[in-house]
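Enquirer: The following block contains the structure, expressed as structure tokens.
Numbering (the numbering used here), first residue to last: -4 to 502.
See the structure below:
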């Protein structure tokens, strides 16, 4: 009896199972790409936020800085296969596929084979997909996620690929690559049909050399076709094709100036991103979204520092929106990065406008010794002056070129520059733009006037540029989401490496 009772008392309770840590299931992945955004561009944004006397950041902290603090920070080297430098096509292809790619090809590996992209893998898993860009939808970066062509210049073919791929949401510029050749004939029935479809929202012009009407095909495939901001807001379908300009979208300076215009037709980048997330997130299986802030690259190619600042501010606004959207979610990864650096930008010091010697209150300066630096290291007011720029350099020069030939003088050009930038130049300084030919020096001849204007302004801005093309300098990678999954990105990686990790995490 006692033995039985004892064994009963000492009976071992069943073991309780301790649950093992399970990695979160990632159903949504977002890529936010600052095209051409190297560390110099990030530094420009950071300097403006922290030091500009009239910074638009009350807390003196950018959304990008906050994202770095809460996420995982890595560093990316990004050269294309077999070469030292990349272009956007190769870098985006590598980012989209995790496969080494050759320069200037879209969705094609370095051997000339079609690659499978993360967007296409998401489709295979039943997820919704989206591409948003402030350049045009057929441009290299968005194209590489859903098109496959031997050269990035084949934008007519890229448009057809994007449509055939069935990307659910496509929002950008570039209508001219979707319209048939007859669209150029204003007397044709095709033109009149397009007028009734597009309205007076976007100029009807085409670069296609065939009679494929991709808009009609998109409509037949069930897309909501939208051509202005109101139509975008009101769109209800799960498939939306929004083409808001014939080619590229407005730059950030133009976007900022028109932001509060109630009659504005063209949506800004944030409005497109908000709509894309709203639509794609309705899919219970999840989504993949690529967002490109692409005109960072264009401003840097033209050495336009004021425009570059505004492009970085636009990018930072998208960072803020997306980081807020994923907050508290355990099923989403947000990748904030760049495809390459453009321009090799930086602030520097010079012999121009060296500060006047002054007294300092400290004890080390005595016997009336003055603080007398040898160089001008740049004052904070420069940051405000850059922000006050009203037109891009390109737009300033276009205005000048539109003047009657007898008015195209150095005096007129100086007035245009002084009226539209935060800096004051003399006719003598800008005269170089009227007589010089630098075609043998720069890569992109169309940017030469802008670059020459930048050189005139550089002594007032304390700015330097290494090239008008790309560099192979590493770029940042910030990953936000479940810490157990983001930790692996906190190191130096090639674009193909982090892209493969991302693809593997999409469930």
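Positions of the beta carbon are idealized from the N, C-alpha and C atoms, including for glycine. Since the structure is predicted, the reported quantities are computational estimates derived from the model, not experimental observations.
1. Which residues in the same chain as residue 436 place their Cβ atom closer than 6 Å to its Cβ, once the five residues preceding and following it in sequence are excluded?
2. Under 8 Å, with one C-beta from each stretch per pair, do the stretch 175 to 183 and the stretch 150 to 157 reach the 3-pair mark?
3. Take residue 164 as the anchor and find which of 194, 227 and 188 has the nearest alpha-carbon.
4. Indicate whether the contact test is met: 3 or more Cβ pairs, each with one atom in the stretch 116 to 131 and one in the stretch 259 to 277, closer than 8 Å.
5. DSSP state of residue 224, grouped into three classes?
6. So residue 76 packs on residue 107, CB below 8 Å; how close in whole Å?
7. Since I believe residue 102 is in contact with residue 310 (beta carbons under 8 Å), could you give me their beta-carbon distance rounded to a whole number of angstroms?
8. If contact is defined by three or more beta carbon pairs under 8 Å, each pair taking one atom from either stretch, is the stretch 412 to 424 in contact with the stretch 250 to 269?
9. Is the Cβ-Cβ distance between residue 502 and residue 20 less than 9 Å?
10. Going residue by residue through the stretch 130 to 200, where are the continuous alpha helix (DSSP H) segments of at least 4 residues, counting only ones entirely within it?
11. Residue 330: which of 204, 471, 430 and 85 sits nearest, CA to CA?
12. Check whether the stretch 355 to 367 touches the stretch 483 to 492, taking contact to mean three or more Cβ pairs, one atom from each stretch, closer than 8 Å.
13. Among 110, 407 and 135, which one has its Cα closest to the Cα of residue 425?
14. Contact check, residue 32 vs residue 291 under 8 Å by CB: the rounded distance?
15. Looking at C-alpha atoms only, which residue of 44, 450 and 156 is the closest neighbour of residue 109?
16. Can you tell which of 148, 349, 113 and 63 has the C-alpha that lies nearest to the C-alpha of residue 457?
17. Near residue 130, what residues of its chain come up, given a Cβ to Cβ distance below 6 Å and the 5 sequence neighbours on each side ignored?
18. Can residue 511 and residue 284 be called in contact, C-beta distance under 9 Å?
19. Please name the residue in 352, 187 and 369 whose C-alpha comes closest to that of residue 363.
20. State yes or no: is the C-beta of residue 161 within less than 9 Å of the C-beta of residue 118?
21. So the alpha helix (DSSP H) residue 90 belongs to, where does it begin and stop?
22. Locate the alpha helix (DSSP H) running through residue 301, then write down its first and last residues.
23. Check residue 462 in the structure and name its three-state DSSP category.
24. Mapping the DSSP letters down to three states, classify residue 340 as helix, strand or coil.
25. With distances taken Cα to Cα, identify the nearest neighbour of residue 43 among 466, 382 and 412.
26. What is the DSSP secondary structure of residue 267, reduced to helix, strand or coil?
27. Taking 8 Å as the limit between beta carbons, can you name the residues of its chain near residue 371, skipping five residues before and five after?
28. With distances taken Cα to Cα, identify the nearest neighbour of residue 87 among 475, 468 and 333.
Expert: Let me lay it out:
1. Confidence at residue 436 is low in this model, with a pLDDT of 48, below 50, so its placement is unreliable and no value can be given for it.
2. Flag = no, the stretch 175 to 183 and the stretch 150 to 157 do not touch.
3. 227
4. yes
5. helix
6. So it is not a contact: roughly 11 Å between Cβ atoms.
7. Taking a contact as a CB-CB distance under 8 Å, the pair residue 310 and residue 102 does not count as one, their CB atoms being some 25 Å apart.
8. no
9. yes
10. 135 to 138, 150 to 160 and 184 to 193
11. 471
12. no
13. 407
14. 5 Å
15. Nearest C-alpha to residue 109 among 44, 450 and 156: 156.
16. 349
17. 243 and 289
18. The question about residue 511 has no answer here: the residues shown for the chain are numbered -4 through 502.
19. 352
20. Cβ atoms of residue 161 and residue 118: closer than 9 Å.
21. First-last of the alpha helix (DSSP H) with residue 90: 83 to 92.
22. That run of the alpha helix (DSSP H) goes 300 to 321.
23. Judged by DSSP in its simplified three-state form, residue 462 adopts coil rather than helix or strand.
24. Here residue 340 carries a coil assignment [DSSP, helix/strand/coil].
25. With distances taken between Cα atoms, residue 43 lies closest to 382.
26. helix
27. 344, 345, 346, 347, 348, 349, 350 and 457
28. Answer by Cα proximity: 333.
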